[in-house]
Amino acid sequence: MLKPQSGILNLNPNENPSPKKQQRSRQAASMAWLIRPLRRTPFSPSLRTPLLRQHPNSTSFSNSRNYISDMRKSAFQDNILRLLRKEIQYEHDHCPPKQPTTRFNSFTVDDRSGEQWIRLKRKFGEKEDITIDVTMFDGSVPVPDSSQVQSDEQLHITFIVNISKGDDSDVLEIVCSAWPNTIDIQKFYVRGCNRTANHPYTGPEFKELDEQLQDSLYEFLEERSINDGLAIFLHEYMKNKDKTEFIRWLQTVKSHIEKK
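See below:
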């Protein structure tokens, strides 16, 4: 009958193993107990299943990230809309824009809503058709004032006068500056009605011309109501248009962001 001795099976009862053999036997037995569980681990369904359950659900994680991203986007848009509404209300409460006028003296005024320019038109005499295209404020110059720390600014407007005499006639084009209470002629020249030339010769600078010729051209414009009074009107008109277009721009941006 086999009898265990110190945890080791002795196959020969008549043999008394040496201490070295006993030590090796114990080490082999210990290694065997360690190896057997390791061999079973990769192939054991009961051990594999809990490992798979430890990984998070990828779909749920993605949905969570999208939810957080949508919340941040919504908060960002709400903040922009709040600021836009506040700015629009402020502009309406403090000096709201007026309804633009449609006439100045003999000119009709086309406001060109949503654009950065306006157009004035009139007839003069039996043949002349006069069109004036006017930009919004397109520059400024400082006006030093000794009584103030900071200097004021004079705003500048450019306008171009086109005078034609019939559909097929050449066009006299006069480029002018409108300051708050005066006009300055910059250049004048005649061009074809179809603007065929890419780089037409436009003559010298107006201030380089003979002074009597300069004076006579100012009188020519004065006769057609293109004078310092027009400059005053254009500055008042453009101040109002600038505010109107600014509010329109705010409302357009707000409407775009509100769209789902």
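Following our numbering, the numbering of the sequence shown begins with -17 at its first residue and continues without gaps.
From the three backbone atoms N, C-alpha and C, an ideal C-beta is built for every residue, glycine too.
Query	Result
For the beta strand (DSSP E) containing THR90, list its first residue and its last residue.	89 to 92
Go through its chain and collect everything with a Cβ distance to GLU73's Cβ below 6 Å, but skip five positions before and after it.	ILE229
Indicate the three-state DSSP secondary structure (helix, strand or coil) for ASP152 in the structure shown.	coil
Is it the case that the Cβ atoms of VAL153 and VAL123 are separated by a distance below 8 Å?	no
Per DSSP, what kind of secondary structure is GLU204 in: helix, strand or coil?	helix
When you compare only the Cα positions, how much space is there between VAL235 and ILE62?	10 Å
Counting pairs of beta carbons, one from the region 157 to 164 and one from the region 203 to 214, are three or more of them closer than 8 Å?	yes
Quick check on this structure: which residue in LYS80, LEU66, LYS105 and GLN81 has the alpha carbon closest to the alpha carbon of THR90?	LYS105
Is it buried or exposed, GLU193, if we count other Cβ atoms within 10 angstroms and call 16 or more buried?	exposed
Taking only the alpha-carbon atoms, compute the straight-line gap between ILE208 and GLU201 and give it to the nearest angstrom.	9 Å
Give the straight-line distance between the Cα atoms of HIS138 and LEU232, rounded to the nearest whole angstrom.	25 Å
Taking only three categories from DSSP, how would you classify GLY211?	helix
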